[in-house]
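Quick note on this note's numbering: the sequence shown kicks off at 347 and runs consecutively.
Quick notes on the structure that follows.
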Amino acid sequence: MTYLRSISVRAPAKVNLQLGVGGRRDDGYHELASVFLAVSLSDRITLTAAEELRVTVGGPRAADVPADASNIAARAVELLAKRSGLHPGVHVHIDKHIPVQGGMAGGSADAAGALVGCDALWNLGLGRPELLSLAAELGSDVPFSLVGGAAFGSGRGERLTVLPVGATTHWVFATAGFGLSTPAVFAEQERRRRSAGVPWTADGVPSPLMSRKLVDALAAGDTASLADALGNDLEPVATSMRPQLTATLKSGTDAGALAGILCGSGATIGFLVSDGHQARTVAQKLLASGTCTSAHIAAGPVPGPEPEEIITTGENG
Ligand code: C5P
């Protein structure tokens, strides 16, 4: 009998409680002040030794994700293999639940899961600093996706400081029937700044600062103050590109949510609610309003990806 060893990891999505966007740098990225929170809406990545690198995708969001070498999880496997002098012979299976082009770092979560999973599968024992530097090469949100919990991100979002959280927060995430491309939303923000005649480059726009009110509310577990302090500079940009998002935001707050906020560059809207019971009520009302296509109940913070070992019998189909 053959035995197959796989590693499976749960890879959580994120919501930005604060997203302050500064000017565009010479390298094309924007200076950010980002407060990240990892939430329980997650993908599951399973890595099994195989002849060659291949990707399969299942789950409710599978149709929207590339099942080939362009997938960021495959790029993570290749990067780690190259860095370790190994052949990237791995079957990566992604069970996709995080909204695609939803601003919730779904691709970054899969990449972080693949890094942690391959580190375990290949018994590399790489330390956190090494995995974080590979993560930053893959994308601005991948370092946070690796760390989980709550953190402040500066630079292009990759320089992290862990933040304390005083209480679990409860959320409803409402998906639109469309996604938004992150580069397109940043480009639209720049176009708006230029046409308003205000500075738009990193030397003209002051670097955004962490909101003290927000991180104090988060640390104290004061959900009402947290709701008050949520803020995303890309929200007016995304709602101007897709005005129907304004109706989604209104439906959630009309349904009793404490606050609504665009997730990252959109198009998912996150609603902060007081508890799990209110989450169910708000989710039902949002769906009934017809202003979203699905509503996911989640809570945060949750930890970053951690490997679980699975031993099965049979072939790696
Ligand atoms: O780093 P990542 O590949 O995830 O970024 C995707 C795109 O988002 C970048 O190409 C850029 O257009 C935009 N971005 C940005 N400033 C950041 C992060 C992302 O302009 N700090």
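Don't be surprised by glycine CBs; every beta carbon is placed ideally from N, CA and C.
Note that the structure is a prediction, hence the values are computed from the model and not measured.
Buried or exposed: where does residue i fall if 16 or more other Cβ atoms within 10 Å of its Cβ makes it buried?
i: F524; result: exposed
i: H642; result: buried
i: K596; result: exposed
i: T658; result: exposed
i: A533; result: exposed
i: D465; result: buried
i: P434; result: buried
i: G431; result: exposed
i: V648; result: buried
i: I656; result: exposed
i: A513; result: exposed
i: H623; result: exposed
i: G636; result: exposed
i: L555; result: exposed
i: R539; result: buried
i: P582; result: exposed
i: S586; result: exposed
i: S491; result: buried
i: T348; result: exposed
i: G453; result: buried
i: A497; result: buried
Which two residues bound the contiguous beta strand (DSSP E) that contains residue i?
i: A497; result: A496 to S500
i: A460; result: No beta strand (DSSP E) contains A460, which is instead part of the alpha helix (DSSP H) from G452 to L467.
i: L506; result: R505 to V508
i: T569; result: That residue, T569, is in no beta strand (DSSP E); its alpha helix (DSSP H) goes T569 to A575.
Does the Cβ-Cβ distance between residue i and residue j come in under 9 Å?
i: Q364; j: G577; result: yes
i: L470; j: L426; result: yes
i: S352; j: T394; result: yes
i: G368; j: S553; result: yes
i: I391; j: G459; result: yes
i: E652; j: V355; result: yes
i: L580; j: I615; result: no
i: G494; j: P358; result: yes
i: A644; j: H516; result: yes
i: V411; j: K442; result: yes
i: V361; j: S557; result: no
i: G567; j: V511; result: yes
i: R537; j: E377; result: no
i: L526; j: T569; result: no
i: A522; j: T639; result: yes
i: L383; j: L564; result: yes
Give the DSSP bridge partners of residue i, in chain order.
i: S299; result: Any property of residue 299 remains undetermined from this structure, which presents the chain solely from 347 to 663.
i: P649; result: G494
i: H516; result: V619 and A645
i: I607; result: G616
i: G404; result: D441
i: A307; result: The question about residue 307 has no answer here: the residues shown for the chain are numbered 347 through 663.
i: G366; result: A379
i: T521; result: S640
i: T547; result: R370
i: T627; result: Looking at the DSSP assignment, T627 forms no beta bridge with any residue, so it has no partner.
i: T659; result: Y349
Span of the alpha helix (DSSP H) holding residue i?
i: I440; result: Unbroken run through I440 is the beta strand (DSSP E), V436 to D441; no alpha helix (DSSP H).
i: D414; result: Premise fails: D414 is in no alpha helix (DSSP H) and is neither H nor E.
i: E483; result: R474 to L484
i: L560; result: R558 to A566
i: S541; result: T528 to S541
i: G598; result: Q590 to D600
i: M587; result: E581 to M587
Is there a C-beta anywhere in chain D that falls below 9 Å from the one on residue i?
i: A419; result: Included in the structure is just one protein chain, with no chain D present.
Any contact between the region 361-376 and the region 626-635? By contact I mean 3 or more CB pairs, one from each, below 8 Å.
no
If we count Cβ pairs, one from each stretch, closer than 8 Å, do we get three or more for the region 415-422 versus the region 436-450?
yes
May I ask you to verify whether the region 443-462 touches the region 611-629, counting CB pairs closer than 8 Å and requiring at least 3?
yes
May I ask you to verify whether the region 483-490 touches the region 558-577, counting CB pairs closer than 8 Å and requiring at least 3?
no
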